[in-house]
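Following: one structure in structure tokens, then a few remarks.
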Amino acid sequence: MDNELGYELGTWVVSQIQSPDRPTQSTFSLLGREWDLLPEVFPPYTDPGPGLFASWVPYERGDRFLELGCGAGIAAVLAAQHGAERVLATDINPAAVLNARRNAERHGVSDRFTALTSDLFDALDPDEQLDTVFWNTPFIEAPADRPYAGHIERAVFDPGYGLVNRFFRDVVRHLAADGRVYLGTSEAMGNPFKMLRAADEAGFEGKRLRTESVELPAAEFGDSPVVKAHTDERGIVHMDFTLYEFRLR
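One gets the numbering used here by counting positions in the sequence shown from 1 and adding 24 to each.
Structure, rendered in structure tokens:
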């Protein structure tokens, strides 16, 4: 585990989401739309990342589109609204799969929308071909031997970046010859070096497509010495959300 700050912030986010004092919401607003949200699904309004990434993906009419780790299914619904021919939404969390289906129904795109419970690509037909794959990765690197304690943690942590490595090994067989991969991450909180290395080893070239800086008051994180070590003179911790594009060489 290389990014101590990222792990500290990820642990804090999980604790906030799982706090019994946190108000529950069954719907939320994002990107000018209303969405359903089920319990046990990562709430996309927790941080700016889900909305930014979903708005940055270059959707193409006629695409065969996959949103991996779909959660509430925001990007998958947007892909369908932008004219994708076939949309898949997958998540290892069955509640997220149901949530994505509900949002497809809410926004009138169920006719070309399929949601599947899947560990990465496991539930896909071996011959499934995709033009665009998007994944808002669980970019917080946890220790390689750290077990998950529920599905919220699966949406936040990638122990040893094993998931990212598996992703690049497995996506190749499903990607069309001119296909594109988009991964949401954070250069301040994640481990882009390991991500780019995994991509390179699988035959991909990657580039930073979009990024947005975010300033967070350090006081929000209590007395964490890790956070304090990364705080500027104004009491601010500087974060980012960054979308990478990958294509096969």
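In this text, a Cβ means the ideal position worked out from N, Cα and C, and glycines have one as well.
Since this is a predicted model, take the numbers as computed values, not measurements.
Cα-Cα separation, residue i to residue j
{"i": "R136", "j": "S53", "result": "23 angstroms"}
{"i": "M219", "j": "L144", "result": "16 angstroms"}
{"i": "L90", "j": "L267", "result": "16 angstroms"}
{"i": "G246", "j": "L207", "result": "30 angstroms"}
{"i": "N160", "j": "R88", "result": "18 angstroms"}
{"i": "K231", "j": "P216", "result": "11 angstroms"}
{"i": "S142", "j": "R258", "result": "44 angstroms"}
{"i": "K252", "j": "V188", "result": "29 angstroms"}
{"i": "V212", "j": "G30", "result": "Before going further, note that residue 212 is Ala rather than Val in the sequence given. Distance between the alpha carbons of A212 and G30 is about 7 angstroms."}
{"i": "A78", "j": "A99", "result": "5 angstroms"}
{"i": "L233", "j": "E269", "result": "6 angstroms"}
{"i": "P150", "j": "P67", "result": "31 angstroms"}
{"i": "H254", "j": "D71", "result": "19 angstroms"}
{"i": "H262", "j": "E129", "result": "38 angstroms"}
Own chain, CB closer than 6 angstroms to residue i, minus 5 neighbours either side, in chain order
{"i": "A147", "result": "L140"}
{"i": "G93", "result": "D115, W159"}
{"i": "H175", "result": "E64, N117"}
{"i": "D155", "result": "D87, R88, A200, G203"}
Rounded distance between the beta-carbons of residue j and residue i, thought under 8 angstroms
{"i": "T209", "j": "F163", "result": "4 angstroms"}
{"i": "E236", "j": "F265", "result": "6 angstroms"}
{"i": "F228", "j": "F192", "result": "6 angstroms"}
{"i": "L61", "j": "S50", "result": "6 angstroms"}
{"i": "V133", "j": "A96", "result": "About 14 angstroms; that fails the 8 angstroms criterion."}
Neighbourhood of residue i by C-beta, 8 angstroms cutoff - its chain only, sequence neighbours within 5 removed
{"i": "Y185", "result": "E165, N215, K218, M219, A222"}
Proximal residues to residue i (C-beta, below 7 angstroms), its chain only, five neighbours per side dropped
{"i": "Q153", "result": "R88, H198, A200"}
{"i": "R271", "result": "R204, F228, E229"}
Which residues DSSP lists as bridging residue i, in chain order
{"i": "D264", "result": "S237"}
{"i": "L29", "result": "In DSSP, L29 forms no bridge with anything."}
Next item on the list: Can you check the region 96-164 for any beta strand (DSSP E) of at least 3 residues that lies completely inside it and give the ranges in chain order?
Entry: 110-115, 137-141, 154-160
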